[in-house]
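First the structure, in the form of structure tokens, and then the observations on it.
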Amino acid sequence: MIQVKRCIMRLGTKYFLQLLQSGVSHSKKYSRCSLTSVARSFNQTKSQIFLFAKYFTNACVVPDSQGGILPQRFFSCKDLLKSEQENWRACSANYTDITERLKKRLEAHYDKYSSELSSPVIRFEKYTYFEENGCIYRSEVGEVDERNVEMLLSAEDLPFHDSLIQRIRISPDHNYMATGIKSTHSEESACIVVKLNTLPKVECVILNVFSFEWATHDILFYTIQKNLQCQHVYLSDFSKKHSELVYQEQDARYFVDLYHTKDKRFLTINSNSKTTSEVWLVDCCHPFKSPVLVQQRTEGVIYHAEHRDNQLYILTSYGEPMGYKLMKTPVDSCGLDNWQSIYTVKEKTKLIDLEMFKDHCIVFLKFDGHLYLDVISLVSASVHSVKLPAWACSLELEPHPEHTTSTCYFWLGSPVQPPRRFAYSLVENKLTKHTEQEVPITMNCHTVHLEAKSKDETWVPITVFHNASSTELHRRPLLVHVYGAYGIDLNMSFKEENLMLVKDGWILAYCHVRGGGELGLGWHKDGCKTKKHNGIQDLQACIMWLHELGFSRPTLTALMSLSAGGVVAGALYNNAPHLIRAVALQAPFLDVLNTMLDPYLPLTIEEREEWGNPLADETCKEYIKSYCPYQNIRTQHYPSVLITVSENDQRIPLAGLLRYVCKLRKAVQDHAQVNSMNEKGLQMPNIILDVQPGGSHCAPSWEDSLNQVATQLAFLYKELGLDKQE
């Protein structure tokens with residue numbers, strides 16, 4: 001599976017099959033979320049080694065000589081933090097009862113819609129590997145029962161508390177298993193290498209690993225993450241107990257990860273910025289030879305490489321029209337001049353993913369709000385299009401390690417429909433719904449596709465869900481979701497809480513504003529750098545149009561976003577507070593200007609391609625200042641807001657959020673004092689900051705996530721006056 005873009009926003013992996021995918025989508029690096037100053041203490045690495053060593057007393061622990069990601073300490077903000085924690089304790093008491101009621105209802109929904117799905121499995125040659133309760137098991141194909149199951153790694157052996165298995169790779173001879181894990185409470189990660197002999201044994205633990213692939217039976221390539229950046233590739237030869245550096249990226253804008261071509265012939269070293277990429281090939285038959293460059297990076301050209309029959313298949317943004325194309329070139333002459341186009345994604349179409357097979361390539365697409373797939377014959381270059389069910393909004397590919405397979409499996413879902421498994425047969429050219437397990441059918445829910453005209457007359461898509469039996473929609477509460485950054489689609493995957501909201505009469509609206517990727521590369525380009533106002537104006541136009549069409553009203557409208565989506569949501573909060581009653585933000589990016597003015601933060605240089613470089617360009621600085629949520633707080637009446645963040649979040653500076661909340665609260669108080677006689681009907685908004693322990697960014701453990709969702713919904717129910725109704 002070729003990963004189109006290394007970006008953010010998967011908030012956890014629901015199915016183990018997603019953890020075993022051949023691409024890197026399940027272990028994505030979150031894109032925006034900056035750091036405050038990083039404490040560079042080498043003692044932290046030593047303590048990590050001790051942590052691992054106490055779990056694996058006989059294992060070899062490979063330290064990261066470059067150092068890992070170090071926890072943030074906000075000593076200068078201790079008083080502010082203490083004050084906000086006290087404020088939260090006082091405010092949260094008002095939501096305790098409704099939070100507990102909602103939590104119980106959420107647990108019931110989670111049980112109903114999650115328990116029906118059996119543990120996913122993956123077949124790799126003669127073995128089936130599967131996960132259950134955090135443990136990894138193996139059995140021979142066709143013999144999955146208790147008597148023939150072998151445990152390979154136990155959850156008790158994982159070195160982090162509440163750790164998440166993110167990636168699994170099996171060596172070609174099945175003698176080694178490499179497992180990537182990450183703490184749900186911090187950025188700490190590791191690769192655990194298990195020797196799969198008579199009694200599986202942990203052979204080695206490598207710290208701070210982001211991605212890894214087996215080149216041969218006993219040679220593993222891996223990348224090391226330091227301060228949220230990956231720029232080094234190492235090789236470990238387990239037969240000789242030897243490790244060495246094989247690649248180093250010098251440009252801080254680029255992030256390096258690894259991928260195996262589907263036929264296992266090459267390992268690709270992918271160095272990607274937000275807009276440009278470069279690929280190096282490692283010949284798995286000669287892993288100690290120096291990597292070979294496919295095409296030197298060209299500004300604005302993204303490309304990824306697959307291999308078949310001595311040809312490289314290049315998925316790239318190169319050439320006209322704007323958008324992705326599939327090209328091919330001989331391995332021995334793979335420069336840009338030799339790329340030949342065989343397929344072009346049509347205009348305003350989102351390329352979701354691409355999967356290679358022996359003689360076919362399947363491209364998954366979204367156009368005009370609908371999903372479909374194009375099946376490309378690599379022999380005849382013919383294309384067969386298949387439209388997927390109209391209700392589907394999200395798609396997850398199921399991995400198939402053997403490229404000779406003739407069936408492609410994937411899962412379709414929507415915000416209100418649990419994922420269903422589908423199969424496409426390349427032999428029969430037929431799409432079928434897989435029926436191994438019955439997925440509950442959700443309530444009768446209307447899906448409405450709308451378009452709002454933005455300020456510059458661009459039409460912006462909106463997807464709306466509401467109970468089919470609901471009447472008088474203008475009296476119903478409305479929850480608006482938005483993101484709009486990095487060319488990433490707004491998350492439309494299934495969430496159990498959505499069913500509860502729709503049952504309670506809520507209208508759910510997903511606004512696909514510019515800056516996201518819903519309409520292809522051009523949609524992102526029109527909402528980044530000096531066009532960021534487009535996405536903000538898009539959101540305002542969407543909410544106004546929803547109200548005009550009779551979907552709720554301002555006093556019953558809430559806005560929800562997270563991470564980089566906080567820029568668009570925070571800007572609307574400043575510009576049009578009259579359109580909404582309450583806002584819930586999770587780990588939001590709200591101080592763009594001060595973050596981008598600090599080149600010492602790990603992500604600042606990398607993210608200049610999204611936000612611009614205010615240090616070198618005064619015009620850019622003024623433009624960022626014109627929309628930055630923190631910079632544009634003003635003395636006016638604001639809706640209530642709940643901001644949730646982790647205390648040691650490496651990607652969102654707590655210090656910045658503390659300053660934001662203080663400045664916002666002062667603006668609200670100043671406005672109340674000045675206008676106390678003129679606006680007697682307005683209530684003082686609640687400005688609440690909920691600081692969670694730990695350092696997770698938008699990916700907490702299941703229990704923490706349940707608590708956060710229940711708290712956020714309790715806040716919204718209370719603020720919109722729905723707590724008695726609930």
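So the sequence shown is numbered by our numbering: it starts at 1 and just counts up by one.
Cβ coordinates follow ideal geometry from the N, Cα and C atoms, glycine included.
Inter-residue spacing [alpha-carbon to alpha-carbon] between residue i and residue j
{"i": "Leu-539", "j": "Val-568", "result": "8 Å"}
{"i": "Lys-54", "j": "Leu-158", "result": "Caution is warranted here: a pLDDT of 34 is assigned to Lys-54, below 50, making its placement in the model unreliable, and the coordinate value is therefore given only provisionally. Straight-line Cα distance between these residues: approximately 11 Å."}
{"i": "Ala-155", "j": "Asp-173", "result": "24 Å"}
{"i": "Ile-488", "j": "Ala-564", "result": "10 Å"}
{"i": "Cys-730", "j": "Lys-264", "result": "Only positions 1 to 726 of the chain appear in this structure, which leaves residue 730 out of reach."}
{"i": "Pro-477", "j": "Gln-166", "result": "37 Å"}
{"i": "Phe-465", "j": "Val-416", "result": "8 Å"}
{"i": "Val-668", "j": "Thr-268", "result": "53 Å"}
{"i": "Val-205", "j": "Glu-703", "result": "27 Å"}
{"i": "Gly-68", "j": "Glu-188", "result": "Only weak support is given to the placement of Gly-68: the predicted model assigns it a pLDDT of 38, under 50, and the question is left unresolved by the model."}
{"i": "Ala-584", "j": "Leu-593", "result": "22 Å"}
{"i": "Ser-561", "j": "Gly-570", "result": "9 Å"}
{"i": "Gly-694", "j": "His-185", "result": "5 Å"}
{"i": "Val-292", "j": "Asn-227", "result": "28 Å"}
{"i": "His-360", "j": "Val-386", "result": "15 Å"}
{"i": "Ile-536", "j": "Leu-572", "result": "6 Å"}
{"i": "Ala-93", "j": "Val-661", "result": "20 Å"}
{"i": "His-533", "j": "His-232", "result": "36 Å"}
{"i": "Val-482", "j": "Ser-394", "result": "16 Å"}
{"i": "Ser-696", "j": "Arg-253", "result": "23 Å"}
{"i": "Arg-308", "j": "Phe-266", "result": "10 Å"}
{"i": "Lys-366", "j": "Lys-495", "result": "20 Å"}
{"i": "Thr-711", "j": "Leu-508", "result": "18 Å"}
{"i": "Thr-557", "j": "Ser-640", "result": "11 Å"}
{"i": "Glu-451", "j": "Gly-484", "result": "16 Å"}
Bounding residues of the beta strand (DSSP E) (the contiguous stretch that carries residue i)
{"i": "Lys-621", "result": "Run containing Lys-621: none in the beta strand (DSSP E); it sits in the alpha helix (DSSP H), 618 to 627."}
{"i": "Lys-241", "result": "That residue, Lys-241, is in no beta strand (DSSP E); it is neither H nor E in DSSP."}
{"i": "Lys-182", "result": "176 to 183"}
{"i": "Phe-465", "result": "459 to 467"}
{"i": "Tyr-717", "result": "Per DSSP, Tyr-717 belongs to no beta strand (DSSP E); it is in the alpha helix (DSSP H), 702 to 719."}
{"i": "Arg-420", "result": "417 to 425"}
{"i": "Thr-407", "result": "407 to 414"}
{"i": "Leu-478", "result": "478 to 482"}
{"i": "Tyr-486", "result": "First-last for Tyr-486: undefined, no H or E at that position."}
{"i": "His-232", "result": "229 to 237"}
{"i": "Ser-385", "result": "383 to 387"}
{"i": "Arg-138", "result": "135 to 140"}
{"i": "Ser-163", "result": "163 to 170"}
{"i": "Val-193", "result": "189 to 195"}
{"i": "Thr-223", "result": "219 to 226"}
{"i": "Glu-472", "result": "Segment: none, Glu-472 is in no beta strand (DSSP E) and carries neither H nor E."}
{"i": "Cys-511", "result": "507 to 511"}
{"i": "His-403", "result": "Counting along the chain, His-403 falls outside any beta strand (DSSP E), and DSSP gives it neither H nor E."}
Continuous alpha helix (DSSP H) stretch holding residue i: start and end
{"i": "Ser-92", "result": "78 to 92"}
{"i": "Lys-262", "result": "Here Lys-262 belongs to no alpha helix (DSSP H), and DSSP marks it neither H nor E."}
{"i": "Tyr-600", "result": "Unbroken run through Tyr-600: none, as it is neither H nor E."}
{"i": "Gln-250", "result": "Neither: Gln-250 is in no alpha helix (DSSP H) and is coded neither H nor E."}
{"i": "Val-502", "result": "496 to 503"}
{"i": "Arg-608", "result": "608 to 611"}
Spatially closest choice to residue i from the options, by CA coordinates
{"i": "Leu-351", "options": "Ala-215, Ser-317, Asp-359", "result": "Ser-317"}
{"i": "Lys-663", "options": "Cys-77, Tyr-630, Thr-471", "result": "Tyr-630"}
{"i": "His-304", "options": "Met-327, Lys-289, Ser-290", "result": "Met-327"}
{"i": "Thr-223", "options": "Asn-208, Leu-397, Leu-426", "result": "Asn-208"}
{"i": "Phe-255", "options": "Gln-311, Ala-558, Ser-211, Phe-715", "result": "Ser-211"}
{"i": "Gly-743", "options": "Glu-472, Tyr-486, Ile-580, Ser-493", "result": "Nothing in the structure corresponds to residue 743, since the chain is present only between 1 and 726."}
{"i": "Leu-397", "options": "Ala-672, Val-363, Ser-382", "result": "Val-363"}
{"i": "Leu-430", "options": "Leu-388, His-449, Val-513", "result": "The displayed chain sequence assigns Lys, not Leu, to residue 430. Minimum Cα distance to Lys-430 is reached at Leu-388."}
{"i": "Met-356", "options": "Tyr-313, Ala-616, Tyr-95", "result": "Tyr-313"}
{"i": "Glu-107", "options": "Ser-470, Met-500, His-578, Trp-88", "result": "Met-500"}
{"i": "Ser-454", "options": "Lys-241, Cys-542, Gly-515, Cys-528", "result": "Cys-542"}
{"i": "Asp-332", "options": "Leu-720, Asn-310, Tyr-324", "result": "Asn-310"}
{"i": "Gly-323", "options": "Glu-719, Asn-175, Ile-302, Leu-336", "result": "Ile-302"}
beta-carbon residue i near the ligand ATP non-hydrogen atom, thresh 8 Å
{"i": "Gly-612", "result": "The ligand ATP is not among the ligands present in this structure, which contains no ligands whatsoever."}
(Q) List, from N- to C-terminal side, the alpha helix (DSSP H) runs of 4 residues or more that fit wholly inside the stretch 630 to 690. (A) Counting only runs of 4 or more, we get 654 to 674.
Exercise. Taking one C-beta from the stretch 544 to 553 and one from the stretch 602 to 611 each time, how about it: are there three or more such pairs within less than 8 Å?
Worked result: Result no; under three Cβ-Cβ pairs closer than 8 Å.
Complete runs of the alpha helix (DSSP H) confined to the stretch 522 to 590 [at least 4 residues]: 532 to 548, 565 to 575, all fully within the stretch 522 to 590.
| task | Could you name each continuous alpha helix (DSSP H) segment of 4 residues or more that falls completely within the stretch 279 to 350, going from the start of the chain to the end? | result | Listed in chain order, nothing qualifies, since the stretch 279 to 350 has no complete alpha helix (DSSP H) run of 4 or more residues.
query: Is it a yes or a no for the stretch 415 to 429 touching the stretch 514 to 521, going by three-plus beta-carbon pairs under 8 Å?
result: The stretch 415 to 429, when compared against the stretch 514 to 521, does not touch it at the 8 Å Cβ threshold.
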